[in-house]
Every structure is written in C-alpha cells, then in structure tokens.
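Below you'll find the structure, written out as structure tokens, and then a few comments.
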Amino acid sequence: MTPVWLRTTNRAVELGAVICLLLLSVVLLSESIELGPGWGDSGPQPGFFPFVLTVLMILGVLGVLCVNVYWKPDLRPFFEVSQEVTDLLRVGIPIVVAVVLVRWLGIYAGSGLYLAFFMAWYGGFRWYQALAGGILLPVIMWLALREGFNIPMPMSMFYRSGILPF
Amino acid sequence: MEAIDLLMTGFGAMMEPSRLGFMMLGIILGLLVGVLPGVGGTTGVAILLPVTVFLEPVSALVMLAGIYWGSMYGGLITSICFGVPGNPWSVAVMFDGRPLAKQGKAGLAMATGFCVSFFGAIIASVLFTFFAVPFAEMALRFGPPEMFAVLMIAFGTFIGMGGSPGKTVVMIAAGFLLSTVGLDVVTGAPRLTFDSIALMQGFHFVPITIGLFGVGEVLANAAERYKVQIEEVTRAAKLGLHDITAGARAVLNNFWLSVGSAVLGFVTGILPGAGATPASFMAYGFAQKISRHPERFGKGAIEGVLAPEAANNAAGTGAILPMLVLGIPGSPTAAILMAGVFMWGFIPGPRLFTEQPEFVWSFIASLYLSNLGAVIICLTATPLLAMMLRTPYAIMAPVIIVLCFVGAYAIQNSFLDIWYVVIFGIIGFILRRLDYPLAPLIVALVLGAMTEEALRQSLIMSDGSMLIFFQRPLSAPIMVAALLLFMLPLIQMAIRRYRRRQQQQAGASD
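Residue numbers (our numbering), protein chains in the order written: chain A, 28 to 193; chain B, 988 to 1497.
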C-alpha cells in the first residue's frame, strides 16, 4: 500500500492550490470592497486596483481549474519516489529550525551551529570538520558584516543582556 | 572634437597611481558588496561614503564609482551560481543564468555576463560622453505619464511569455496584489493590512525574491538530489580560459542584441526614478520577443544572460547622467553619489561642466577605466568562482540559506523578512512544481508600485481623465507602442489563422 504522499497526484496538488487561491481571493475581495472599489473624482479609489486585480486572479484561477483539474488533469504522482520526500524534509526542516536558532542565538552563533549540524548530519563529515566549518563561517561573516561593512544583523539574546558580544 | 579633447584631459588626470589605486580598491569592495544578496550597490555606496571624506574629490568620486560598478558586476555571481539575486537588477539574468549553471556552464554564463556588462557600460559611456546634454534635456521632460507609458512597455514585453495563460495571469495579479499591501501611495490609508502592524510595512520585493528563488531553489535541488547533483555536473565540466573566450564570442555573435539592450538600458537609466531594474526586465522581455527560439528562454538561453546584463550596466551609467548634468539623480545610488558631490563642495548641474572640468571629465574617464578594471578582475576570477559550485552540497546549502537570511535582514532590519524568505521559499517550491511561472510575479511585484504611483499621479494631473497619456507629445507614441505590444500576441494569432485559411483554400482549389 503506497503511502499517502506518494499517491498524491499533480491534479490533487493543483486543486489544493486553486482552493487556497480562491479562499485568498474572497478575503481580498471583501477587503477591497471595504476600501472602495470604484473610480472617485481624482482617479481610482484605494480599493480599485486590489478589486480589479483580485477579479483578474479569480478569472485566472478558474481557467487553471478548468484546464488542469477537469479537461487535462495530470494524474502523475507529485512525488515520484519516496526519496524525494525524505530529502526535502531533511533539508527543509533544518532550515526552519535555523530560523528559530537565529532568532534566539543571533545570526553568527546560529548560522555556525546550523552549518556544523548540517555538515555532520546530512553530509557525513567528521566532527572536527563540521566544527571547523561551524567556526569558520561565523568568523568570516563577522569580519565582513560587522567589522567591514557595519551592517546590523540579528544578535543573540545574550547580546541584548550584555553577556556576549554577539 | 571638443569632447574628445576634454576626455583626454580626464584620462590624463586619472592616470595618477593613487587615483587608479582608489579606483581598484573601490571595484573590489563593490564586488564584495554586490555578492552579498540584498546588500545592493546603493547600500554599499551609502556605507562607504563617509570613508571618502578624507580623500580628495576626484579620488573619492572614482572610488565611489568603482564601488558602484563593482556591485553591478558582483550581483551577477550569486544570481548565476546560487540562484540568489545579489541585487534587484540581477533578477532577470538569473532566469537563464541559473539553469546554465545547473548544466555545468556556470563559467560560460558568468564570463558572458561580465563581457556583455563591460560592452554595455562602454556603449553607455560613449553615449554619455558625446550626448550628455541632449539626453539630459530629454530627461527633464519626463513626467508621471511618460513613466507610466514606459512601464507599460515593460509589461507588454512580458505578456505572451510561454506557459499556461491562466497561470501567468494569476502570477501577474498576485505580484501586483503583493505590491499593493501596505500604505496607499496617494492617500496614505493602510491597504490589505488586515489591521496588522507587520503587514503595514508592505512586502519588500527582496525578501520575496530571495525566498521564491533562493530558498525555493535550495528546496527544489534537495528534492532532485536523487537524480542530479550539481557538484558532480560541475566537476565533470572543464573550467578554464576557454570559458572566457566563449563568453566574448557569445557577445560578438549577438552583437546587435547587445547593442540594442545597452541603448535601451541607457535611455531607461536616464529617466529619473527608473533605473537598472526595469531596464533589465525590459531587455529580457524584448530579447525573448525578437528571438527565433523564445521557448529556450528560462532554460539556459545565452541571450537571456546577454540582454539584461547589457541593459543594467548601461542603465547604471545612464543614471549618473542627469545627476551630473542637471543635479537630478536618476536612481537611488546616483542620489547617494550626488550627496558625495555636494559633500566635496561641488554643485552638480550645467555649471559643473564649465567650472570644474577636471572633476567632471576625470569622472567620465573613470567610467571607462573602472569598467575595464572590473571586467579584468572578474574574468580572471571566473574559473575560481565557477569552482565554488564543486563544494559538497552539505556545505553549500546551509551557506546559501545563511546568505539568504543575511540578505533579507539587511533590507530593513526586520526579522519578519527572514520568516518571509522561508515562507516564500516553500511557496516557491510548490509553484515551481506546478509550473506557475515565477518571472511575471517578480516583474509585477517590482514594477507594480512604480506603475500604480505613476498612474495615480498622472490621473491627479489630469483630474481623472485617462486621455492624458495620449495628449502629451512624449508619452503618446510610447503608449501607442505599448498598446501594440499588448495586442501583439492576438495579432500574431490572427495572422496565423489567416495564413492557415489561405493554405486551406489553396489546398481545396487544387
């Protein structure tokens, strides 16, 4: 019995996208009607463009619905092999975790940890290689961004309370 | 000719070792700034402006100009190698540059980009040298209606681009809608913000572009890794000097396309408010329209690298022209350069040409020299840069993601932009898989705010009448051209049907 993520067809994902876009369009339509969808005395009212654009989007979505869901549906599976899903999750989930890391530990420490972890876990590097990478990247970034160009970057929570300089 | 004499004096003034040294330093700094995504030439020039206070005016200006040029060349590198646009005007070159890199031809793409950038900048510099004043006068007569007409041409070139029409319409509408979120341009009322303070700052297109293209690319590669590994493809491809000659040859093979894109870019750059970004999109759209194989665009057509790069470098040159001649900056970066000119005690404008010829003409001479310096540095570095793609995926992917975070945060110091990058990355992955074309979305997002602003300003000028676009002598022909461009796909379809009916009649009468 093939798992559900391998049975999802392109058609199913298209339908899902169409539904999301239609829901979004309904919300946008109500907002733009509130703002005033007409043509005032000195040109379009604020809601005019959002209204017209949302109507255009709905027309486009209906077109996609007709063609891709009813007339010429693509019934091939969205993910061809299970390996795709695993690879995607193995790369994607660390990205989300990295954002949270950067939020709490700042970009320098956060990116160093992210690189070191990814090298060791995904790439199979030895622990000292991963450690080297995890230290080298923040150092280079620090020199370029902080000392070199003085571009502000998200700092760690320790920075805000003055414990660490990064 | 007087201009050539003055240019020679300028070259003479530039030939001092210290001034050349500052120019090279500026170019290298500019390359570094251009490579960092999100930190475009404007930020780099702004950050390094105070450093130049201590230098004498000519050295300071040529160093800043070197930074400006370096960043125009540098943005190419991350666009092609990683699919993360280094600055706004490098988005168009990514559409075909990144597929070329995935085929192992990163060196060729970069060498072509550098060569044609040089070519475009030189053509623009020549136009600058000899036609500075007439072009400046033309720039003065451009108002909101003309701006709107020019932007309509930009959109006209993207209509009828391949793919399913329904999905293209959805993407264009979505791009425009994203650009309307935030505070209304004319009334200041919040639009589509759903009472959220976070949404009131609107969607800056850089985090969205970095997300859709950069992170989306990383996710798409991750899903494809069981089929194709980029580092293997690059290791298999031979890297070396032949890339550089191949790049130069590609420019010569498409000579007239490069010249045309450069002229288009220069003229667009002169217009105050429009700069390298719309120029690059327009050139890309035109190149696809006049190409004999439009379906190759987006999959690694070398014209798709040539046209936007020639245009954006020419536009960068053009943007300086109204700044120097009239004191009206043609782009945000030109505005910062203008601040520098004031800082050193000069007043840009017509009098600058007559009262400070050494300053002005050394600067114009530095346009040629700094481009030459930049292209030499870049071409020698190209094989090394292409070798970067051989790094193992486990190192490359996190570095790209971190670069994306840096680029997103650098725009407006908002952590929300980093979340946008990830969210749009996921959306970008799904859109790619479903064959929704991303290019129209980005074009609509980037140009949408400018277009709406120009339209509403024009309507305020005309008290609500749409005829203003056809009543002004400059905007009327441009609007007519834009309308023709919009109708071109329909006209082409009609011609095809007419020809088919002719063939059927001819066949029936046999």
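Backbone N, C-alpha and C define an ideal beta-carbon position, used for all residues, glycine too.
Exposure label - N1299(B); buried when at least 16 CB within 10 Å = buried
Going by alpha carbons, who is nearest to A1270(B) out of D1171(B), F1473(B), G1252(B) and C1365(B)? Ranking D1171(B), F1473(B), G1252(B) and C1365(B) by CA distance to the CA of A1270(B) puts G1252(B) first.
### Message
Could you compute how far the alpha carbon of I1067(B) sits from the alpha carbon of Q1491(B)?
### Response
If you take the alpha carbons of I1067(B) and Q1491(B), they lie about 47 Å apart.
**Prompt:** Comparing the C-beta of R1488(B) with each C-beta of chain A, is any distance below 8 Å?
**Reply:** no
inquiry  = Give me the DSSP bridge partner(s) of G1332(B).
reply    = Looking at the DSSP assignment, G1332(B) forms no beta bridge with any residue, so it has no partner.
Check: Looking only at C-alpha atoms, which of T1196(B), M1097(B) and P1319(B) sits nearest to A1302(B)?
Finding: P1319(B)
### Query
Checking contacts by CB at 8 Å: is A159(A) closer than that to chain B?
no
Next item on the list: Figure out for me which residue from V1292(B), T1065(B) and V1168(B) has the closest Cα to the Cα of E935(B).
Entry: Given that chain B is displayed from residue 988 to residue 1497, the structure contains no residue 935(B) and the question cannot be resolved.
Taking Cβ positions, are G1285(B) and F1082(B) nearer each other than 8 Å? For the 8 Å CB-CB criterion, G1285(B) and F1082(B) form a contact.
Open item on the list: Quick check on L1023(B): does DSSP put it in helix, strand or coil?
Closed with: coil
Inset, instruction - Flag this pair as yes or no: are the beta carbons of P1086(B) and T1196(B) separated by less than 8 Å? - result: Contact flag unset, no.
Quiz item: Would N1241(B) pass as a contact of L1293(B) if the rule is Cβ separation under 8 Å?
Solution: yes
Leaving out the 5 sequence neighbours to the left and right, which residues in its chain are closer than 8 Å to L1390(B) when beta-carbon positions are compared? Contacts found: L1023, P1024, T1065, F1069, V1071 and G1201.
For this session: Using a cut-off of 7 Å between C-beta atoms, extract the partners of R1178(B) located in chain A.
Result: Here the neighbours are L62, P73 and P77.
Below 8 Å on C-beta distance, what does G150(A) contact in chain B? P1379, Y1380, A1381 and I1382
Check: Three or more C-beta pairs closer than 8 Å, one from the region 56-74 of chain A and one from the region 87-95 of chain A: is that the case here?
Finding: no
Step through the CB atoms of chain A and report whether any lies within less than 8 Å of the CB of M1210(B). Checking the sequence, you will find Ala at residue 1210(B) rather than Met. Answer yes: the Cβ-Cβ gap between A1210(B) and chain A drops below 8 Å somewhere.
To the nearest angstrom, how far is the alpha carbon of L1418(B) from that of I1455(B)? 39 Å
### Task
Compare the beta carbon distance of G1021(B) and G1061(B) with 8 Å and say whether it is the shorter of the two.
yes
- Task: List the residues of chain B that M84(A) touches, going by C-beta distances under 8 Å, in chain order.
- Result: In chain order: V1156, V1157, A1160, A1161 and L1164.
Item to complete: Inspect the beta-carbon positions of I1110(B) and V1328(B) and report whether they are closer than 8 Å.
Response: no
task = Step through the CB atoms of chain A and report whether any lies within less than 8 Å of the CB of I1405(B).
result = yes
| field | Cβ neighbours of M1448(B) in the same chain (closer than 8 Å, five flanking residues each side left out) | value | Closer than 8 Å at the Cβ level, and outside the excluded window around M1448(B), lie G1130, P1131, P1132 and I1455.
What's the call for A1365(B), buried or exposed, on a 16-neighbour Cβ count within 10 Å?
Inspection of the sequence shows that residue 1365(B) is occupied by Cys rather than by Ala. Flag for C1365(B) reads buried.
### Task
Determine the direct distance from the alpha carbon of S1166(B) to that of E1204(B), and round the result to whole angstroms.
23 Å
At a CB-CB cut-off below 7 Å, which residues of chain A make contact with N1400(B)? P179
**Message:** Short of 7 Å in beta carbon distance, which residues of its chain neighbour T1264(B), apart from the five on each side in sequence? Order them along the chain.
**Reply:** So the list reads P1075, W1076 and V1433, once near-sequence residues are dropped.
Every unbroken alpha helix (DSSP H) inside the region 1176-1224 of chain B [4 residues or more]: 1184-1187, 1192-1196, 1203-1211 and 1217-1223
Inset, instruction - Give the C-beta separation of F105(A) and V40(A) to the nearest angstrom, bearing in mind that I take them to be a contact with Cβ-Cβ under 8 Å. - result: That pair is a contact at about 5 Å.
Quiz item: Is the region 92-107 of chain A touching the region 37-57 of chain A, taking contact as three or more C-beta pairs under 8 Å?
Solution: yes
- Message: Just to check my reading of the structure: G1317(B) and A1306(B) have Cβ atoms closer than 8 Å, yes? What is that Cβ distance to the nearest angstrom?
- Response: At roughly 3 Å, the Cβ-Cβ gap stays under 8 Å, so G1317(B) and A1306(B) are in contact.
Residues bridged to L1170(B) (per DSSP)
P1177(B)
**Prompt:** Who are the neighbours of M146(A) on chain B, taking C-beta pairs under 9 Å?
**Reply:** P1379, A1381, I1382 and P1385
Can you give me the C-alpha to C-alpha distance between L1179(B) and D114(A), rounded to a whole angstrom? 37 Å
Original post:
For a contact meaning CB atoms closer than 8 Å, what does D1171(B) contact in chain A?
Top reply: P73
Quiz prompt | Closest residue to A44(A) among S1248(B), F1416(B) and A1469(B) (Cα-Cα distance) | solution = It is F1416(B) whose Cα lies nearest to the Cα of A44(A).
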